[in-house]
Amino acid sequence: MICNRFDKICTCDESEARVKATIENISEHASLEDMPSLSSRALTFSNSCILIADARQPGYPIVFANPAFCRMSGYVPEEVLGKDFLFLQSSEDEQAAWTALRNALANGDDIHTVLRNCRKDGSLFWSDLSIASVTDDAGKLTHFIAMQSDATEQKRHEERLAFQATHDALTELPNRKLLKQHLREAMLQTEIARHIVALLIVDIDHFKLINNSIDHDGADLLLQSVAERLRTCVKAGDILSRHGADEFGIVLRDLDTSSDVAESCEKISRAIALPFVIKGQTLHVTCSIGIALYPQDGSDAAMLLKYADTALSRAKELGRNNSQFFSNEMTERALERVKLENELRLAISKNQLQLHYQPLVDLQTGQVTSLEALSRWRHPELGTVPPTRFIAVAEECGLIAEIGDWVLRTACRDMQTWKDNGIADVRVAINVSPTQFRDPLLADKVDAALTGSGISPSRLCLEITENVLMQDTPSSEATLARLKALGVDLVLDDFGTGFSSLSYLKRFSFDKVKIDRAFVQDVVTNTDDSAISKAIILMAHSLGIRVVAEGVETEAQCDFLRGNMCDEIQGFLFSEALGPTEIETFLREGHRLPDHLLRMQKPPRTLLLVDDEVNIVASLKRLLRPDNY
């Protein structure tokens with residue numbers, strides 16, 4: 310039946326129109342003799358690529374190829390006719406689809422498949438191919454008819470979807486799912502080769518703080534830059550993945566000893582420690598690494614991932630910027646840490662935290678100049694939990710900001726109590742955590758605590774570590790400016806351990822710097838520590854900034870610091886940290902540094918130096934100043 314006329318039917322409303330098809334049987338007008346020519350024209354003008362092959366001859370030579378096929382393959386009809394039915398097969402590799410196709414042709418079966426073909430110019434493309442067998446009246450196979458279309462774009466789309474399912478969109482590295490698959494494969498191969506497989510989890514230290522200090526695009530650029538550096542640290546056959554937001558996973562294959570793993574970790578740490586320049590800002594980044602080994606540590610991929618995470622947690626507990634191999638003791642420690650976190654949350658709600666105060670003393674007068682507020686936790690069952698243990702947990706689980714706010718309020722309240730009890734001139738320093746410093750409301754909270762307690766801003770000092778100021782950003786600058794505008798003193802803590810000290814000392818009016826206890830501990834016996842301490846004192850004094858040395862425990866340390874014009878000391882040599890009541894009594898009793906430890910005033914001495922070299926005069930001046938010239 311063929312439709313041979315279409316009539317438009319109009320109604321009163323010309324906007325409505327319908328089409329009526331008049332159908333009549335014209336079969337008698339199309340003789341059977343005309344059908345072959347109609348079929349030929351249909352095949353010729355079809356947009357589908359069509360081939361017909363002779364199934365009775367070896368190689369199934371092609372007897373028909375329509376123009377669509379020639380356009381897709383790049384061949385002209387004369388080049389196609391007579392060729393092997395599978396002449397487009399790519400020689401690049403042996404695809405399973407081609408094997409299945411040849412088997413189907415040999416058996417005279419129909420088949421549908423997607424495979425890779427090769428054009429005349431050598432370019433590869435994907436083909437969606439359907440082949441049907443044709444038999445004669447006797448049922449004998451005579452021909453194959455192939456219909457195919459270019460499936461390259463479809464295949465690329467599928468590959469993109471598959472890639473997205475197993476790779477990180479930002480770095481294009483394998484994701485955790487694919488890492489786990491590669492880890493399993495590496496473990497199987499190791500069973501044969503008898504080598505070690507190492508799983509490394511690399512975490513960017515303090516990435517949340519970095520993320521808060523730069524915009525979202527900047528954080529993405531940093532992660533991409535980290536990924537590029539990590540690529541340079543792994544060899545062919547190793548697997549690098551983005552494991553999480555700020556974590557990367559690495560599978561190291563074919564290792565002989567754990568020393569090989571340690572060397573790789575050192576290489577990674579050095580690469581990450583090099584400065585990053587992101588959108589014009591210089592960022593200093595470190596990383597922590599957790600390591601699990603196969604077969605030593607675990608028998609399956611899930612176990613290794615768990616243990617590498619446990620080792621990473623231990624690396625963070627130890628101060629970050631280090632690598633840790635998993636050990637069985639870490640599992641027990643991890644359970645203890647979870648318990649400690651839960652207990653800490655309970656301690657905050659039940660007011661189990663206390664503030665103790667350690668005095669700072671002037672090396673010239675021997676008088677107490679200020680107090681540093683230090684958090685203490687007295688657990689009803691665990692006893693006194695050292696701050697080195699619970700502060701790190703508080704930082705990792707997000708409680709440090711809440712504790713910091715509590716310290717601020719409590720210190721101001723204690724100062725008000727001492728004032729009411731007749732001790733009005735005491736000053737207190739509190740530590741500002743990285744999380745607190747990034748809080749845009751920090752200055753408002755400080756102002757509210759001072760106003761609520763009636764304490765003068767000049768009696769409050771805020772200690773800020775170099776690591777807090779590590780990311781030189783406009784927000785850091787604005788925060789420091791607002792705090793200084795309130796009238797509080799600013800102290801740069803842990804001086805000499807970070808990167809940005811010199812620039813910040815120059816740009817901001819810090820009132821004091823504190824020499825880190827790491828330099829003070831061996832200042833008498835270690836020439837490097839003594840040189841660093843001297844340099845810090847001279848540099849700070851040249852800028853009009855007072856210097857405090859923390860962690861002073863021996864008279865020898867005190868003698869060295871006094872002789873090199875350090876202004877104040879803090880440590881067990883003078884006093885440990887005391888509770889609010891005990892420190893009030895301590896201050897009321899007027900404790901001071903013994904006279905033999907003081908930097909006593911000497912009679913003025915005069916020496917005339919004559920030299921035409923300015924540097925020589927300056928050097929002699931520095932040399933003689935400790936003797937009061």
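Heads up, the sequence shown is in our numbering, so the first residue is 310 and it goes up one at a time. Glycine residues also receive a C-beta, built at the ideal position from the N, C-alpha and C atoms. As the structure is a prediction and not an experimental result, all values here were calculated from the model.
Classify ARG768 as helix, strand or coil using the three-state DSSP reduction. helix
Below 6 Å CB to CB, which residues in the same chain sit around GLN676 once its five sequence neighbours on both sides are set aside? ARG901
Consult DSSP for ASN520 and reduce its assignment to one of helix, strand or coil. helix
Can you check the region 449 to 534 for any alpha helix (DSSP H) of at least 4 residues that lies completely inside it and give the ranges in chain order? 461 to 475, 485 to 502, 516 to 522
Could you give the DSSP three-state label for ILE739: helix, strand or coil? strand
Residue of ALA364, LEU397, PHE354 minimising C-alpha distance to ALA377: PHE354
C-beta atoms of ILE587 and LEU532 nearer than 7 Å: no
Leaving out five residues before and five after ILE925 in sequence, what residues of the same chain have Cβ atoms less than 6 Å from its Cβ? none
If you follow the alpha helix (DSSP H) that HIS276 is part of, which residue opens it and which one closes it? Outside the displayed range of the chain (310 to 938) lies residue 276, so it cannot be described from this structure.
Going straight from the alpha carbon of ASP477 to that of GLY713, what length do you get? 36 Å
Using 8 Å for Cβ pairs, my map puts LEU564 next to ALA507. What's the rounded Cβ distance? 6 Å
If the criterion is Cβ atoms closer than 7 Å, does the pair LEU602 and ILE505 meet it? yes
Suppose the cutoff is 6 Å on Cβ atoms and the five residues either side in sequence are ignored; what does the same chain contact list for THR719 look like? LEU664
Got a sec? Which residues, its chain only, sit under 7 Å from CYS867 by beta carbon, not counting five neighbours each side? VAL861, ILE878, LEU882, LEU906
Under a three-way DSSP split, which group does SER684 fall into? strand
For the beta strand (DSSP E) containing LYS823, list its first residue and its last residue. 821 to 824
Please return the same chain residues whose Cβ sits closer than 6 Å to the Cβ of ARG629, not counting the five positions on each side in sequence. ASP514, SER597
Need the endpoints of the beta strand (DSSP E) that ALA601 sits in, please. 596 to 603
Less than 7 Å between the beta carbons of ASP606 and PHE585, yes or no? no
For GLU922, three-class secondary structure by DSSP: coil
4 or more residues per run - each alpha helix (DSSP H) lying fully within the region 824 to 885: 826 to 829, 836 to 851, 864 to 872
For HIS525, count neighbouring Cβ atoms within 10 angstroms of its own Cβ and tell me buried if that reaches 16, exposed if not. exposed
Span separating the alpha-carbon of SER785 from that of ARG747: 8 Å
In chain order, what are the residue ranges of uninterrupted beta strand (DSSP E) at least 3 long that sit wholly in the region 668 to 735? 677 to 688, 692 to 694
By the DSSP assignment, the alpha helix (DSSP H) with CYS542 in it spans what residues? From DSSP, CYS542 is part of no alpha helix (DSSP H); its letter is neither H nor E.
Does the separation of the CB atoms of ALA977 and CYS542 fall below 7 Å? An answer regarding residue 977 cannot be provided, because it is not within the stretch 310 to 938 covered by the chain.
Give the DSSP-derived three-state secondary structure of GLU898 in the structure shown. coil
So, are the CB atoms of CYS427 and LEU390 less than 7 Å apart? no
Could you check the C-alpha separation between SER483 and ARG469 for me, to the nearest Å? Per the sequence shown, residue 483 should be read as Pro rather than Ser. Cα-Cα distance, rounded: 13 Å.
Note the first and the last residue of the continuous beta strand (DSSP E) segment covering GLU556. 556 to 564
Chain-order list of residues whose beta-carbon lies under 7 Å from that of LEU751 (same chain, five-residue window excluded): GLN745, THR788
Considering only the alpha carbon of each residue, which of ARG855, SER742, GLY796 lies closest to THR774? SER742
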